[in-house]
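Worksheet for the structure shown next.
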Amino acid sequence: MKKLFLFIFILMIVSLFSFPQKYILLFGNPHSHTAFSDGAVNTTPADAYKYARDIAKLDFHAVTDHAYYFEALYNGEDKFLVMKRMAEENTTKNFIALAGFEWTAGSGHINVYGSKEWTSRNIDTTIEEFYKWLINEKALAQFNHPISMFGTFKNFEYYPEADNYLNLVEVGNGNWSKNDTITPEMFSNYIVALKKGWHLGATIGQDNHKANWGTANDSRTGVWVLSRSKDGLLKAMWNRKTYGTEDKNAKIWVETDNAEMGDIYYYDKMPGEISLKIEYEDENSLSELKVYTPDKIYELSPNGNKINEVVKIKVTSPYFWLFVYFKQMDGDEIVSSPIWYEPENRIRIFNVPDIKLYRNSENTLNLYFYNTGNNVENSPVKIKINDNIVFEKDLILKPYEKSLIPLSFKTPDISNAKMEIYINNLLWYSKEVNLLNQDTISVINVEISKLENSYKVINEINDTSKAIIINAKSINSEEILKRLLEIAKKKRIGIILDEKNKYVLSLIPSRFTVTDEKIENIKVNNIYYNEAWRILYKNKERGFVLNKNFVIFPGNPFLNDENLTFVKKLLRIQ
């Protein structure tokens with residue numbers, strides 16, 4: 001996690017307020033297992049529901065057995081259908097039994113609630129396949145125990161449409177008695193997921209694999225519901241009215257003037273500041289109280305075991321979120337769900353990669369843009385360097401589109417500059433950047449006009465150059481070949497095959513065949529050629545030959561813009 005600025009605030013009581021009267025607070029467990037998968041031997045979901053209700057005294061309990069076990073029937077019936085029936089039979093006026101399942105794969109584990117069907121890693125193997133299934137099923141889902149041991153969902157790679165259904169994440173997990181379920185790794189990955197764009201409510205699951213459903217420890221998920229019913233519980237989970245708590249009955253509530261815990265507030269004008277109301281009540285006093293935002297932590301000064309406070313939070317980015325972290329004197333931790341503030345226009349960027357930028361050069365920044373809404377969106381995108389517009393384009397994205405877009409711009413001839421990215425005239429990114437001197441490349445008798453604004457070009461073989469690009473006709477003696485072989489010990493040399501001669505052919509391994517045939521207007525190995533020699537490897541055409549640090553191109557790849565990014569990678573020039 002990036003280094004955060006820590007602000008110490010003495011809380012000022014603005015006005016007293018109470019927990020929301022329209023809601024009912026339920027405590028329960030959203031993650032457990034039985035012998036329908038790899039849980040306690042000879043147990044069924046009915047056993048888990050009865051135990052959680054009658055022994056643990058939970059308000060709700062979900063059984064989420066691993067779905068790949070569902071391929072085996074239970075007394076001739078589909079296990080998921082049996083689980084649903086057992087859930088209905090064990091739901092009472094004061095207890096809600098939920099039937100779900102856990103999809104497990106190397107990329108991570110995900111719980112699904114309220115679905116008609118089930119799927120498993122044997123059916124939908126990749127996380128992309130699972131997301132597609134989930135979108136079609138329109139069911140609620142939860143990221144489970146996001147740690148490296150079990151998978152972090154490709155580092156929470158963001159998929160806008162899947163974000164409509166993956167609305168929960170475990171900030172804590174475990175059925176050990178010591179009750180230390182919120183771990184630093186899960187907590188930090190919660191923040192990673194939020195920064196990547198996901199809208200997730202905080203939960204804790206006991207993940208019981210023993211017959212201790214709800215009694216393994218005091219960890220619970222708190223859910224504020226409008227009605228004590230299955231529909232009321234699922235609706236509250238959909239809306240992220242949740243928090244994860246290691247204390248079994250601690251009450252918390254978070255709201256602003258515009259939104260409640262779990263809400264996304266879409267503004268037409270970005271607010272400069274918001275008033276965050278925090279309420280806490282428990283028999284244990286707090287030792288820590290913090291508000292987390294994308295780039296700051298506000299450390300507050302709690303006092304007592306009842307808190308009704310308001311703190312002013314500065315909104316520092318168009319995509320803005322905040323959540324509250326509580327730590328009790330006995331060490332138990334509590335994590336709220338966030339509140340989000342976002343623009344009505346749904347085009348977003350979440351991460352800008354660190355790249356090298358060169359002074360007085362054409363630079364390209366490849367950036368993912370997302371449309372998080374279900375309508376076509378159109379936004380002007382601008383890049384400014386020291387307040388001067390260097391890139392400007394109207395961007396149109398289809399519903400839920402995720403697109404990697406190259407942004408090319410010319411930098412001034414200075415060493416340091418402020419770079420800013422605007423979407424719809426909102427500042428999404430700002431950073432002081434160092435502009436490096438242009439790399440020098442040696443170019444011998446090759447047309448590379450599309451690179452000339454990006455590099456310092458010299459027309460001689462020089463071993464201090466970043467790379468050498470030379471045509472085959474210029475390699476016409478043993479002396480030149482020997483010099484290139486020596487230089488190639490340290491850097492890449494690109495050879496454009498404009499003729500076949502013995503010196504260049506000696507650099508091509510015998511497993512490749514350079515034919516006498518010319519081909520035109522063809523794309524091979526991600527490189528488009530207007531004209532090139534046909535080179536074969538195992539009877540398949542090749543777009544280049546890589547032999548140690550020599551890259552032999554069958555034609556000139558620098559004549560086409562679409563080739564440049566890939567070819568520069570081959571030559572190790574940025």
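With the UniProt record's numbering, letter number 415 in the sequence shown gets 415, and the count goes up by one each step, no holes. Note that the Cβ used here is the ideal one computed from N, Cα and C, for glycine as well.
- Two segments are said to touch when three or more pairs of C-beta atoms, one from each, lie closer than 8 Å; by this definition the stretch 539-556 touches the stretch 479-497.
- In this model, P184 and L194 are separated by some 16 Å (Cα to Cα).
- One alpha carbon belongs to Y49, the other to A211, and they sit about 11 Å apart.
- Ranked by how close their Cα comes to the Cα of L426, the residues K450, E432, E452 and V381 have V381 in first place.
- With 16 or more other CB atoms across the displayed protein chains lying within 10 angstroms of its CB, P45 is buried.
- Short of 6 Å from the beta carbon of Y74, and not among the five residues preceding or following it, lie these beta carbons of its own chain, in chain order: V82.
- L507 and K523 have their alpha carbons spaced roughly 23 Å apart.
- Considering only I444, S454 and L484, the residue with the shortest C-alpha distance to I469 is I444.
- By alpha-carbon distance to N303, the top candidate from M329, T316 and I339 is M329.
- With a cutoff of 9 Å on beta-carbon distance, E377 and N345 are scored as near each other.
- Looking at the DSSP output, E170 bridges to T203.
- N388 is classed as exposed because its beta carbon has fewer than 16 other beta carbons within 10 Å across all chains shown.
- Inter-residue distance for Q21 and L226 is about 10 Å (C-alpha atoms, whole angstroms).
- Cβ-Cβ distances below 6 Å link A40 to K210 and A211 in the same chain, with the five nearest sequence neighbours on each side left out; the list follows chain order.
- Within the same chain, Y265, I274, S275, L276, K277 and I339 come within 8 Å of T256 by CB-CB distance, once the 5 residues on both sides are set aside.
- For S287, the enclosing beta strand (DSSP E) stretches over residues L286 to Y292.
- In this structure the stretch 241-260 does not touch the stretch 131-150; the number of beta carbon pairs closer than 8 Å is below three.
- Boundaries of the beta strand (DSSP E) harbouring I274: E273 to E281, taken from the DSSP string.
- With a cut-off of 8 Å on Cβ pairs, the stretch 343-362 is not in contact with the stretch 463-478, counting fewer than three such pairs.
- Membership of E499 in any beta strand (DSSP E) is not indicated, and neither H nor E is assigned to it by DSSP.
- From the listed residues K296, I527 and T221, the smallest Cα separation to L25 is found for T221.
- Straight across, the Cα-Cα distance linking W176 with R53 is about 20 Å.
- For D65, the enclosing beta strand (DSSP E) starts and ends at F60 to H66.
- The bridge partners DSSP lists for W533 are K518.
- Assigned with DSSP and collapsed to three states, W238 falls in helix.
- Between L168 and K569, the alpha-carbon positions lie close to 39 Å from each other.
- The shortest CA-to-CA distance from Y131 to any of A105, H145, F150 and F323 is the one to A105.
- Partner residues in a beta bridge of F130, as assigned by DSSP, do not exist.
- Segment contact: the stretch 102-120 against the stretch 143-159, three or more CB-CB distances shorter than 8 Å; contact assigned.
- The alpha-carbon separation between E128 and W224 amounts to approximately 31 Å.
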